[in-house]
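Q: One structure, pasted below without further comment.
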Amino acid sequence: MTVRIKKRSKVPGVMITQYVEVIPEGMSTPDFTRKPISITIQEGKLVVFRAVVVGNPTPTVTWLRNNGEIGDERHKILYDKGSGEHQLQIPDVSADEADTYKCFATNEYGKAIVTATLNVIEVGYKKNKALQQSRTAVRETAEDFKKALKNKIDIDAKEENKMEADEKFFEVLMSAEKKDYESICIQYGVTDFRGMLKKLNEKKIEREKEQEKVLFPHPIEMRDDGGAEFELEMSLKDSSSKIYLFKDGVMIPFDADTDIKHGLKQVGKKYVFSINGVDPEDSGLYQVEVDGVKVFSTDFKDVKAEEREDAVFECVISQPLKKITWKGKNIPLEQGEKFDILVSEDMLIHTLVVKDCMPLDKGIYAAVAGLASCSAWLVVEDIEEDTNDDNDMDGEAGALVPDTVIGKMSAFEKSTSLCKTLHVLTHLNVSLVVSLDPGVYFTSGLCDVTAILGANAELVCKLSSEECDGVWYKDGKEICIVKDHNFRKLIIKNCKEEDAGKYRCEADGRKTEAMLKVEDPPRINPDDLKEFQKPVKIKTGKSATLKISFVGREPMKVQWYHEGEELLEDTNIKIEKSSTHTQLVLTKCRRKSSGEIKIKIKNECGTTEATTDIVVLDKPTQPLGPLDIIESSSTCIDFKWRVPKDNGGSPIIGYILERQQIGRNSWKKLGSVGTEPKYRDTDVDHGRKYCYHIRAETDQGISEMMETDDIQAGTKAFPGPPAAPKIVSAFKDCINLVWIAPSNTGGTNLLGYNVEKRKNGSNLWSFVNPPDEPIREKKYAVKDVVEGIEYEFRVSAINISGSGEPSPPSEFVFARDPKKPPGKVIDLRVTDSTYTTLSLGWTKPKEEEEVQDEAKGYFVEFRPAEDPEWSRCNSSAIIMNSYTIMGLKSMAMYWVRVVATNEGGDGEPQDLDNYIIAMPPPVKPTFTDRKIKNFMVVKAGNSARINFNFQACPIPSINWLKDGHSVAKHVTVSNTDTSSQLIIPSPEREDTGIYTIMVKNLVGQESSSVEIRVTDDPKPSGPVELEENVSGTVTISWTPSPDEKKDDRLHYMITKRDSVKRSWQTVADHLFNNKFTVVNIMPGRQYYFRIYAKNDMGVSKPSESQAWEVKKRKEIFSVQLPETKDCCFEMAPSFTVPLKMRNCPEYYECYMSCAVTGNPAPHITWYRNNVSLNTNTNYYITNTCGVCSMKILKVSSKDSGDYTVIAENSLGRAKCSARLAVNGKSKLK
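Residue numbering for the sequence shown follows the UniProt record's numbering, starting at 1 and increasing by one per position.
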């Protein structure tokens, strides 16, 4: 079945058809990387369609057209291997070539087609008809035409007015090319050529005046979209005037639609030309023409100057250029003593001044601006012959040359007119100047000649006249004059080196020159070369000598090669060289020395080569195996072998054989058996094995022997086993079998088959047919069966050698009449389903005698809801009462049924009550992650990622919330059928909050929350102040960190260092206030303190305090015994610093302290919710100098409550209480 697959190409307008469904790796259909474009062009021009194709394998490119055929002389199909470009060229295009052309690129995987339209614009008034008439009309000769022009000078002026051409004549002239002027004048009978040119010039000026003044366009500008455009302003008197656009002189199509490649848009007097999709191929010079009048021009007119005067050339260009290239006689000109090159301020007018003109300065001068150029003649007149020249021009050719050519052109007078110079007039002026009688001239000049020393050399040139003599010069000296009709020949026989030089031929003031170069390359005498090329034959171990003589200019380099590899001096290689001959000696040659010998002789003038062959003869190598046994029977052994790999350089004249019977020691010589590498041995005994020795014989000797493997005569070849027999039908008294013959028959025809049977459970096989009566056909009806017994069968093939291997056994089959098909399955149901699978279960159908028998298997069938055709899921019947259908489309609807089957056939199908949708059973959304995070700390700027896995059916909708509102736009959520992921790419502190996922479907919904805390490294606290409230202590206070209000988990750590220990020690940690009292301050030591701010991310830089020191007071010891008084220092307990309320995060340490005084020292007891804590090991309680403190190492929610400190002594009791609040999981819930 043919495949047609439409594909889209990257190139607009290309249609691709693919022939195969799957394209092999590395292969591709054809496509165009560059397509041919539609072309609109004037008739007579060259049309080129270009295309570049790709594809693997390389496509074949063909061209067709709608109306007509391609392939005649008017069409050229080319291919450029360098650029890979296919071209269709139509030279000298005519109107009947206008058509739609198609380009086909085809390979084995598809084809690509693109079309292009060719529009041909007819030039002039029925130009084709006029040209055809001019070809068939009787044409006057050039001499008759000149006579007519001369006679016309004497005719009265009134007669000239009567013969003035009509308007149609000038319409044809204004549109025709300059080379056709003469034929058009003859066709219309116009002989006043000068008057015609004047009238034609006036017609051209009138047409130009009809076009309003044209402003030069601005430079081409590139747009942001990759296009380019340029604009100009002009007003057309005739709105039907045609506008043409040229690129590098070739017309290009455009349309008013600016969306195509080249577009034109008109807005009032402004015309905007646009180029869409600019590429390197669009570079070039663009020109605009209106009805054949060029808007931009770089042409300039011929100039005539007298000798010793200055000549001025001017051209006006359409684009400002700082510099253009001036050429004189194809040689670039530069500013200097001879030439002045001037440029106007607007860089549009370029002037070339030729100073002090001489006759040698006459010729063609050209101005080149980019790809455009124009040229004109410089005519230098001799002062003495000025009068005569003028008279000659007026008398004989005055009617031919218009005034615009003869007059001297001024730079300022012609600057305006040059902008619109007519191409027809310029080219016509040139052709008329050339048409004057040039005298004798060379029609074919001399060419440089290279001659071999001793050979003849010939220099030939051709003149336009036979009557003129030619003079030959060598290096400026006259040598001879030879005349042969129009040809002038110089033959130099037996050239010598002194004959080399410059030769010149002069005739009638004209001359032509050429160089003769005499070379002396290496040369070999033909007779010696013929002798050298004869093959050299030698026997192995002998020497070969090759010698050859030569002549040539010294020095010469001689090289010898053997099979392309250069030979160098060696033990067995000797090379002798001289100026006239060389010799190669190969000693002790061996067989591998055979091959091609080449000599190369080279000097500065050239190279010569000569080749020969050397053949080293030797005895052949042994014949090659293995043997190919053609026949091995009881009466003969026929075999063949392969010829020797190397015959030693001589043909084989025979093979020598000898034979040995296995088990014996003697060899029997069989002699030479001829040149054919085969042998038939008929003297053999059946069943015996033989071995053979084979040797090859040539004129050079006998090869080594090749010993064959043992070959047995009359080997028995038994047939292979047939395929397992198949049961066609079974009855209570007969079972019908069929089988396929074995592929290996043992090399002979089969005589028949033996059939064997075996009961189920038995190991004994018995023949069905008598052994001496084989079954001829490949089928058999076994009637020796017992009703109700299960049998299996096998078959063996028989040939002349005997019975072969038996076949694999058949399937078991009961000897009974055919069964009835089973009934419908019972209780068909769906046990499980997913998006791609469906599991079924059923109960086997019931048996009813004479109605339906037992089911032996089941087939499961399904079809999509939109497809009426049922498809079977299993190719063979299944025994199980369940089945899973695979490969279903998600959420698609299917009909399912089950068919029971047995030996009697398929029963009636049982369908499900309703269609089934491929989807799992409905499941309420449930999160499947074992451990779900409910708290996460993320550093600001690092990405945060939360992933939840769930199961739900049908596919649920997922919604994320932050603190009960929709998440921000910068938060990314990606969902699958079983998971959802939330990503915060660069979180800030504002992203802190509780994020909740809600998973909802038709069955229900589930949600889960995670608290994300976005924080950063803490900023240090402010200045630290120290104060002594109690002797031996110091109270530290500091300004809170700026992050304290943003982060409720921020706390502080205090470290100290004294002047004795010099190491920093932690005094307090997990402080949530901004004040702390340090105890055990000893006088005479300096103390330094640091405050650190800490949070989940780390520790801030420290805030350091000033040095703190309590100085010792030294007083003079004196004892003044006071009067004895009874003093009592006892006092009841009292709290100088009470407990403060604490708010601590879960799993953090908590530190509570207070200060108490009393005498005697009071007993301190801590309580939580009126329960004593002094014996609880989870609390670390200390009492140092009246400062009572308690530390909870790891705060949990159970530690929340009211804490009480009771101080008791013999004088009284004091009590202080505070509350501890713990923040933790309870907040999230």
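Backbone N, C-alpha and C fix where the C-beta goes; we use that ideal spot for every residue, glycine too.
Looking at Ser666 and the ligand MG, is the gap between the Cβ and the nearest heavy atom below 7 Å?
A: The ligand MG is absent from the structure shown, which contains no ligands of any kind.
Q: For Gly841 versus Phe814, is the C-beta distance shorter than 8 Å?
A: If you number the sequence shown from 1, residue 841 lands on position 841. If you number the sequence shown from 1, residue 814 lands on position 814. Contact: no.
Q: Report the CB separation of residue 1234 from Ala98 in whole angstroms; it is logged as a contact under 8 Å.
A: Not covered by the structure: residue 1234. The range shown for the chain is 1 to 1229.
Q: Are the region 712-726 and the region 673-686 touching by the rule of at least three beta carbon pairs closer than 8 Å?
A: Cβ pair count under 8 Å is three or more, so yes.
Q: So Lys1000 packs on Pro925, CB below 8 Å; how close in whole Å?
A: Here residue 1000 is taken as the residue at index 1000 of the sequence shown, counted from 1. Here residue 925 is taken as the residue at index 925 of the sequence shown, counted from 1. Between Pro925 and Lys1000 the Cβ distance is about 7 Å, and since that is below 8 Å, they are a contact.
Q: Three-state secondary structure (DSSP) at Thr60?
A: Numbered from 1 along the sequence shown, position 60 holds the residue referred to as residue 60. In the structure shown, Thr60 sits in a strand (DSSP, three-state: E or B).
Q: Please work out which residues of its chain come closer than 7 Å, Cβ to Cβ, to residue 1253, disregarding the five sequence neighbours upstream and downstream, and give them in chain order.
A: Since the first residue shown for the chain is 1 and the last is 1229, residue 1253 is missing from the structure and cannot be characterised.
Q: Excluding sequence positions up to five away, which residues of its chain have a Cβ less than 6 Å from the Cβ of Glu1027?
A: Stepping through the sequence shown from its first residue, residue 1027 is reached at position 1027. For Glu1027, where only same-chain residues beyond five positions count, the Cβ hits under 6 Å are Thr1035.
Q: Does Arg4 come out as helix, strand or coil in the three-state DSSP assignment?
A: For the purposes of this step, residue 4 is taken as the residue at position 4 of the sequence shown. Three-state result, Arg4: coil.
Q: Counting beta carbon pairs with one atom in the region 635-644 and one in the region 673-681, are three or more of them shorter than 8 Å?
A: Touching, per the Cβ criterion.
Q: Which residue from Ser579, Ile573, Ser543 puts its Cα closest to that of Phe550?
A: Here residue 550 is taken as the residue at index 550 of the sequence shown, counted from 1. It is Ser579 whose Cα lies nearest to the Cα of Phe550.
Q: Give the C-beta separation of Pro1020 and Ala1132 to the nearest angstrom, bearing in mind that I take them to be a contact with Cβ-Cβ under 8 Å.
A: For this step, residue 1020 is matched to residue 1020 along the sequence shown. For this step, residue 1132 is matched to residue 1132 along the sequence shown. At roughly 44 Å, the Cβ-Cβ gap does not stay under 8 Å, so Pro1020 and Ala1132 are not in contact.
Q: Within the continuous alpha helix (DSSP H) that includes Asp527, where are the two ends?
A: Taking the first residue of the sequence shown as position 1, residue 527 is located at position 527. Taken as a continuous stretch (DSSP letters only), the alpha helix (DSSP H) holding Asp527 covers 526-532.
Q: Determine, using beta-carbon pairs with one atom in the region 697-706 and one in the region 773-785, whether at least three such pairs fall under 8 Å.
A: No contact exists between the region 697-706 and the region 773-785.
Q: Would you call Val1222 buried or exposed, if buried means 16 or more other Cβ atoms sit within 10 Å of its Cβ?
A: Translated into positions along the sequence shown, residue 1222 becomes position 1222. It counts as buried.
Q: Checking 8 Å against the spacing of the C-beta atoms, do Gly907 and Pro771 come in under that value?
A: Within the sequence shown, residue 907 is the residue found at index 907, counting from 1. Within the sequence shown, residue 771 is the residue found at index 771, counting from 1. No, they are not a contact pair.
Q: Taking the Cβ atom as the reference point for each residue, do Lys819 and Asn902 lie within a distance shorter than 8 Å?
A: Stepping through the sequence shown from its first residue, residue 819 is reached at position 819. Stepping through the sequence shown from its first residue, residue 902 is reached at position 902. Yes, the pair counts as a contact, with Cβ atoms nearer than the cut-off.
Q: Within this structure, are the beta carbons of Asn1174 and Gly1201 separated by less than 8 Å?
A: Here residue 1174 refers to the residue found at position 1174 when the sequence shown is read from its first residue. Here residue 1201 refers to the residue found at position 1201 when the sequence shown is read from its first residue. Contact: no.
Q: Does DSSP put Asn201 in a helix, a strand or coil?
A: Here the question's residue 201 lines up with position 201 in the sequence shown. Asn201 falls in the helix class under three-state DSSP.
Q: When you compare the region 439-453 with the region 516-527, are there three or more beta-carbon pairs, one atom per stretch, that lie closer than 8 Å?
A: These segments touch.
Q: Once you ignore the five residues that flank Thr1182 on each side, which residues in its own chain have a CB closer than 7 Å to its CB?
A: As a first step, residue 1182 must be located in the sequence shown, where it is residue number 1182. Excluding sequence neighbours, Thr1182 sits near Ser1189.
Q: Does any residue of chain C bring its CB to less than 8 Å from the CB of Ile652?
A: No chain C is present in this structure, which holds just one protein chain.
Q: Going by alpha carbons, who is nearest to Ser1196 out of Arg1219, Glu563, Cys1144, Pro1162?
A: Within the sequence shown, numbered from 1, the residue matching residue 1196 stands at position 1196. Minimum Cα distance to Ser1196 is reached at Cys1144.
Q: By how many angstroms is the C-alpha of Lys600 removed from the C-alpha of Lys547?
A: Counted from its first residue, the sequence shown places residue 547 at position 547. Counted from its first residue, the sequence shown places residue 600 at position 600. Looking at the two C-alpha atoms, the distance is approximately 13 Å.
Q: Tell me which same chain residues have a C-beta within less than 8 Å of the C-beta of Ala968, skipping the five on either side of it?
A: Stepping through the sequence shown from its first residue, residue 968 is reached at position 968. Excluding sequence neighbours, Ala968 sits near Lys962, Asp991.
Q: Report yes if the C-beta distance between Thr698 and Ser650 is below 8 Å; otherwise report no.
A: For the purposes of this step, residue 698 is taken as residue 698 along the sequence shown, with counting starting at 1. For the purposes of this step, residue 650 is taken as residue 650 along the sequence shown, with counting starting at 1. Yes, they are a contact pair.
Q: Run through DSSP, which three-state label would Glu563 get?
A: Translated into the one-based positions of the sequence shown, residue 563 becomes position 563. Coil, per DSSP.
Q: According to DSSP, simplified to helix, strand and coil, what is Glu554?
A: Taking the first residue of the sequence shown as position 1, residue 554 is located at position 554. If DSSP states are grouped into helix, strand and coil, Glu554 belongs with coil.
Q: Would you decide whether Asp977 is buried or exposed? Buried here means 16 or more other CB atoms lie within 10 Å of its CB.
A: Counting from one through the sequence shown, the residue named residue 977 turns up at place 977. It is exposed - the Cβ of Asp977 has fewer than 16 other Cβ atoms within 10 Å.
Q: Using only CA atoms, which one of Pro721, Ser1134, Pro1083, Thr675 lies nearest to Ile798?
A: Here residue 798 is taken as the residue at index 798 of the sequence shown, counted from 1. Considering only alpha carbons, the answer is Pro721.
Q: Give the DSSP-derived three-state secondary structure of Leu1173 in the structure shown.
A: The residue you call residue 1173 lines up with position 1173 of the sequence shown. It is coil, neither helix nor strand.
Q: Looking at the unbroken alpha helix (DSSP H) that takes in Gln187, where does it start and where does it end?
A: Reading the sequence shown from its first residue, position 187 is the one you call residue 187. Counting along the chain, the alpha helix (DSSP H) containing Gln187 begins and ends at 181-188.
Q: Return the CA-CA distance between Tyr883 and Phe950, expressed in angstroms with no decimal places.
A: Here residue 883 corresponds to residue number 883 of the sequence shown, with the count starting at 1. Here residue 950 corresponds to residue number 950 of the sequence shown, with the count starting at 1. If you take the alpha carbons of Tyr883 and Phe950, they lie about 28 Å apart.
Q: Per DSSP, what kind of secondary structure is Lys856 in: helix, strand or coil?
A: By 1-based counting over the sequence shown, the position of residue 856 is 856. Of the three classes helix, strand and coil, the one that applies to Lys856 here is coil, per DSSP.
Q: So what's Ala877 in DSSP terms, helix, strand or just coil?
A: Sequence index remark: in the sequence shown, residue 877 carries index 877 (1-based). Coil at Ala877, not helix or strand.
Q: Return the first residue and the last residue of the beta strand (DSSP E) that Thr582 is part of.
A: The residue labelled residue 582 in the question sits at position 582 within the sequence shown. Unbroken beta strand (DSSP E) run through Thr582: 581-586.
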